[in-house]
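**Student:** Quick one: this structure, given as C-alpha cells, is what I'll be asking you about.
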C-alpha cells in the first residue's frame, strides 16, 4: 500500500542506506517502492510472491534494476533470510513489512501473514538497530488478520512488538500514516 509519510526524512533521521519491502503489489499503483526509489537509498529490495507484479516491476524500474540499485525478487517472504546475505544489509536498513495473502488467486504461499518469519529473518542480522515498519495495523489489530490461523488466537500487535523487542530491547514504537491514519508501526532505536 502507499506510504503516506516522508520516507526520505525517515531515512535521513536514522541514517539508513538500504530499503527492503515485502509485498511489492501492482507497480501501476502508488506503491511504496516508488517513494523508496525517489529517496536517497543506495540499494532498494522488494520481495513479491506474484510473478506478474515482479515482471511489471522489473520493467517499470528497469534503469534502477540494470544499475543494481534495485532488486525485485519473486519469492514468498517467509524465505526473506535467504536474501539478507547481500552486503547492503551490513548497513542500516529500513524494512517495510507489507506481505500478506489478500487475493484468492494467490495459491503458492507458505503463510497468509508471514510477519513473524520476516521478523525472525531481520533478527538474524548482525545489526540490531534497523528500522522496522509494519504496515496495515488496521487489519493486524483484528482477530486472525487476513484469515491467518496458523498462530492461533493471539494478539498480533503485542506479539509483533514482543518479537521486535527480542531483537533489541531498546526499540521504541510509534505509528505513522499509511493507507489510513496511524496504520504503520514504526520500530526504531
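Residue numbers (the UniProt record's numbering): 1 to 189. Cβ atoms here follow ideal geometry from the backbone N, Cα and C, with glycine treated the same way. Treat the numbers as computed from the prediction; the structure is a model and nothing was measured.
1. Could you please give the first and the last residue of the uninterrupted beta strand (DSSP E) stretch that includes residue 176?
2. Skipping 5 residues on each side, what residues in its chain have a beta carbon closer than 6 Å to that of residue 201?
3. Take the Cβ of residue 28 as the centre, count every other Cβ of all protein chains shown within 10 Å, and call the residue buried at 16 or more, exposed below.
4. Establish whether the CB of residue 30 and some CB of chain D are separated by less than 8 Å.
5. Taking the DSSP output, what are the residues bridged to residue 70?
6. Kindly list the residues whose CB is nearer than 7 Å to the CB of residue 145, restricted to its own chain and excluding five residues on each side of it in sequence; keep chain order.
7. Is it the case that the stretch 77-97 contacts the stretch 53-67, given that we only count it when at least three CB pairs across the two stretches are under 8 Å?
**Tutor:** Reading from the atomic positions:
1. 172-176
2. The structure shown does not extend to residue 201, since the chain is modelled only from 1 to 189, so the question has no answer here.
3. exposed
4. Of the protein chains in this structure there is only one, and it is not chain D.
5. 44
6. 113, 139 and 156
7. no
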